[in-house]
Amino acid sequence: MKELRILYLYPDILELYGDFGNIQVLQYRLEQRGIKSTVVPYSIGDTHPDFNDYDLVFAGGGADQEQGILAEDLLKYKDNIKKAIKNGVFFLLICGSYQLFGKYYKGVEGNIIPGLEIFNYYTEALADRKKRCIGNIVINTNLNGKETKIIGFENHGGQTFNIDTPFGNVLFGNGNKFGDKTEGFFLDNVIATYLHGPLLSKNPELTDYIIKHCLDRKYNDDFILEPLNDEFEKKCRKQLLDRFLTN
Ligand code: GLN
Numbered sequence: 000m001k002e003l004r005i006l007y008l009y010p011d012i013l014e015l016y017g018d019f020g021n022i023q024v025l026q027y028r029l030e031q032r033g034i035k036s037t038v039v040p041y042s043i044g045d046t047h048p049d050f051n052d053y054d055l056v057f058a059g060g061g062a063d064q065e066q067g068i069l070a071e072d073l074l075k076y077k078d079n080i081k082k083a084i085k086n087g088v089f090f091l092l093i094c095g096s097y098q099l100f101g102k103y104y105k106g107v108e109g110n111i112i113p114g115l116e117i118f119n120y121y122t123e124a125l126a127d128r129k130k131r132c133i134g135n136i137v138i139n140t141n142l143n144g145k146e147t148k149i150i151g152f153e154n155h156g157g158q159t160f161n162i163d164t165p166f167g168n169v170l171f172g173n174g175n176k177f178g179d180k181t182e183g184f185f186l187d188n189v190i191a192t193y194l195h196g197p198l199l200s201k202n203p204e205l206t207d208y209i210i211k212h213c214l215d216r217k218y219n220d221d222f223i224l225e226p227l228n229d230e231f232e233k234k235c236r237k238q239l240l241d242r243f244l245t246n
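For the sequence shown, position 34 matches number 33 in numbering that gives the first Met the number 0, and the numbering has no gaps at all.
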């Protein structure tokens, strides 16, 4: 039986706006296709994981305070994470964890939370803590050559700068910063995004893109995933896209 192994980082600390739903959706879509999924949670104090033992690493979002709590622990794995990224392990990072893979996060009071510095982007909160990018968001991205609309929900004070390879172009909402045209970061096997949602329940095509990437890499093949009955998801998406994109 085929299997994907998922490392779920800091589930007790990073879990905003249904981020755990992403794990559930991954498991559901794998199970429907007869593929086993093993989800291994990791948090502060647990046995050190080797990120290279996994096919997919997932981390959700968290407020500044939570980011401050785990940043030091995460930094311990910098070299291991770098190696795993180089080896093609897929990383899906939402909001707070997205920020922590960059150079740093500067909070409202000017405090610096160090990032892993694996990527060159950096994030700074605005001095006015009431100024946050909050609301529904739709972006356009390219998945294996196919234009795909991604729907989500953003809530971040942090403004992210210096993105060369965004996840997508903003059609509705803010993105990496207020009024930005770009959202998130996407480089090979890393997708980092401000989109909660849960992201994967609203975007089955993205879920399948990630599943295919992981299977192709692990089994050195070019998988054609068995289509699932996404009628309900399609109806929801149409309803949301009509609401957000037609004025
Ligand atoms: N602390 C971050 C910010 O407000 C992340 C918030 C989040 O993960 N939703 O910018």
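Even for Gly, the Cβ is constructed at its ideal location relative to N, Cα and C. It should be emphasised that the depicted structure is a prediction, and the values quoted were computed from it without experimental measurement.
Beta carbon of residue i, beta carbon of residue j: below 7 Å?
i: I138; j: V169; result: yes
i: L69; j: Y9; result: yes
i: L99; j: G114; result: yes
i: T206; j: G167; result: no
i: G196; j: G151; result: yes
i: Y120; j: G101; result: yes
i: D54; j: C213; result: yes
i: I111; j: D72; result: no
i: K237; j: L224; result: no
i: I274; j: G61; result: Absent from the structure is residue 274, since the part of the chain shown begins at 0 and ends at 246.
i: Q31; j: L227; result: yes
i: Y208; j: L142; result: yes
Pick helix, strand or coil for residue i, following the three-state DSSP scheme.
i: I162; result: coil
i: N21; result: helix
i: K237; result: helix
i: S36; result: strand
i: K148; result: strand
i: T206; result: helix
i: A126; result: coil
i: L29; result: helix
i: E116; result: coil
i: Y97; result: helix
i: H155; result: strand
i: H195; result: strand
i: L74; result: helix
i: L214; result: helix
i: A62; result: coil
i: K81; result: helix
i: F177; result: coil
i: G172; result: coil
i: I12; result: coil
i: E254; result: Residue numbering for the chain in the displayed model covers 0 to 246; residue 254 lies beyond these limits and cannot be assessed.
i: C105; result: The amino acid at residue 105 is misidentified as Cys; the sequence shows Lys. Reduced to three states, the DSSP call for K105 is strand.
i: F222; result: coil
Note down, in chain order, each residue of its chain lying with its Cβ closer than 7 Å to the Cβ of residue i, except the 5 sequence neighbours on either side.
i: D179; result: V169, N173
i: P40; result: Y7, P10
i: L125; result: G156, Q158
i: L244; result: V137, L170, F171
i: Y104; result: Q66, Q98, I112, G114, T122, G157
If distances are taken between C-alpha atoms only, which option among the options comes closest to residue i?
i: G322; options: I150, L25, V39; result: This structure cannot settle anything about residue 322, because the visible part of the chain is limited to 0 through 246.
i: L6; options: L15, Y16, M0, N21; result: N21
i: N154; options: L205, I43, I93; result: I93
i: Y76; options: G106, D45, Q64, E65; result: D45
i: E14; options: G95, I149, F184; result: G95
i: K201; options: M0, A58, E232; result: E232
i: E116; options: E108, N161, K130; result: N161
i: F184; options: V56, F118, D18, E30; result: F118
i: K129; options: E108, D163, E182, R28; result: E108
i: F57; options: D18, L142, M0; result: D18
i: N175; options: K148, E146, R131; result: R131
i: K148; options: L240, M0, D49, P48; result: L240
Skipping 5 residues on each side, what residues in its chain have a beta carbon closer than 8 Å to that of residue i?
i: N51; result: N79, K82, A83, N86, V88
i: D229; result: P203
i: D220; result: L214
i: F222; result: K211, L214, D215
i: L29; result: L3, K35, S36, I210
i: Y16; result: G60, F152, N154, H195, G196, P197
Report all residues from its chain with a CB closer than 6 Å to the CB of residue i; omit the five preceding and five following residues, and keep chain order.
i: R216; result: G87
i: D63; result: G106
i: Y193; result: C94, E153, H155
i: L199; result: N21, V24, T206
i: E2; result: K35
i: R242; result: none
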